[in-house]
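Enquirer: I'd like to ask some things about the structure below.
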Amino acid sequence: MPAKESNQGFVIAIGAIFAWLTLASPVQSQDHDAHGQHGAPAPAGASQRIEAKLSAPDSIRPNQQVPLTVQVQDAQGQRITAYERFQEALMHMIVVSDDLRFFNHLHPEHDGNGNFKVTTRFPAPGAYTLFCDYKPAGRAEQVSVLKLAVPGAMPVTPAIDTATTVKHFAQTTVTLGVSPAQLKAATDTLVTFDLRQKENGQPVADLQPYLGEKGHLVIIKQSSPLSGADYIHAHALKEGNGAAVQFMTRFPRPGLYKLWGQFNRGGTILTADFWVDVKPH
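The structure is reproduced here in structure tokens:
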């Protein structure tokens, strides 16, 4: 979705909103039959160090439009102005509340001068983490992890349900499948989202590419604080029938993980979320 431009001035967020300067590192990529996975960042050499700085208004309220700017700089503090498009965007910004109840996948617009701008909403008070995925020209893909807090009384976090594997999203019934059935850390895992029409149980027939793939999968481990080591972004496998979209991934550590599968059904983006419990290897 195109980002809205704003003429409002930006400041490094303090007081009501807190933003942190973060160090980006190249992400690890694993290819499984034309499938890509981005996971925990690997250490970068000093010459490759990249910093991302989040700027936001000095006041914010839940559910109001909030303009954000992410400025990317090299090790010398110079703005990086050239980027390579990947998965049909120059930057993918994954926004989650730190309790993982809220999820949003945004594509900030680059102004040509090292600034990525987007306008979004934060639904409730609390802490939020922004995973910014981008590729400076001639460099490795990067993930910058930025933090932001919205003031106010935080809502009660519901109990985590790892038993539910079938959910309804609008007119679509989504069933989550994993193989092996007992998830273990550091083990290759096949994740399947089976999409069917809610009204009759028939496989959906209107899936279209989303950001150049059959689907995208974001996985984040429950952790405090959230970091780049908790973030995985996988692309769908090319094979499989149209209604069952599969991903190959690996959960690096034991713990609770939340999965968000994203698909394009007839021009409408469907986001299906599930919790899973990963045991030690």
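The working numbering puts the sequence shown at residues 12 to 292.
Beta carbons are placed, not taken as given, at the ideal position from N, Cα and C, and that holds for glycine.
1. Does DSSP put G137 in a helix, a strand or coil?
2. Start and end of the beta strand (DSSP E) containing A283?
3. Using 8 Å as the limit for Cβ to Cβ distance, is A247 near chain B?
4. Return the chain-ordered ranges of every beta strand (DSSP E) run that is complete within the region 98-179 and spans a minimum of 3 residues.
5. Checking 8 Å against the spacing of the C-beta atoms, do M102 and L141 come in under that value?
6. Across which residues does DSSP place V215 in a beta bridge pair?
7. On the three-state DSSP scale, how would you describe G188?
8. If you check the beta carbons only, do A164 and P291 fall under 8 Å apart?
9. Determine the burial state of R276: buried for a count of at least 16 other Cβ atoms within 10 Å of its Cβ, exposed for fewer.
10. Under the rule that 16 or more other beta-carbon atoms within 10 Å means buried, what is I280, buried or exposed?
11. From which residue to which residue does the beta strand (DSSP E) around Q208 run?
12. Closest by CA to A170, which one among Q233, V256, A86?
13. Report the rounded CA-to-CA distance for A240 versus Q213, giving the unit in angstroms.
Expert: Checking against the coordinates, here is how it stands:
1. For the purposes of this step, residue 137 is taken as residue 126 along the sequence shown, with counting starting at 1. The answer is strand: DSSP assigns G137 an E or B state.
2. Looking up residue 283 in the sequence shown gives position 272. Here the beta strand (DSSP E) through A283 covers 279-289.
3. Absent from the structure: chain B. Only one protein chain is present.
4. 102-108, 114-117, 126-131, 137-145, 153-161
5. Residue 102 sits at position 91 when you count from the first residue of the sequence shown. Residue 141 sits at position 130 when you count from the first residue of the sequence shown. No, the Cβ-Cβ distance between M102 and L141 is not below 8 Å.
6. The residue given as residue 215 occupies position 204 in the sequence shown. Its beta-bridge partners do not exist; DSSP assigns none.
7. In the sequence shown, the residue the question calls residue 188 occupies position 177. Strand at G188.
8. Within the sequence shown, the letter at position 153 stands for residue 164. Within the sequence shown, the letter at position 280 stands for residue 291. No; because the gap between Cβ atoms is not below 8 Å, this pair is not in contact.
9. Here residue 276 refers to the residue found at position 265 of the sequence shown. Answer is buried; the Cβ neighbour count reaches 16.
10. Numbered from its first residue, the sequence shown carries residue 280 at position 269. I280 comes out exposed.
11. Translated into the one-based positions of the sequence shown, residue 208 becomes position 197. 199-208 is the extent of the beta strand (DSSP E) around Q208.
12. Position 159 of the sequence shown, counted from the first residue, corresponds to residue 170. It is Q233 whose Cα lies nearest to the Cα of A170.
13. As a working mapping, residue 240 is identified with position 229 in the sequence shown. As a working mapping, residue 213 is identified with position 202 in the sequence shown. C-alpha separation (whole angstroms): 38 Å.
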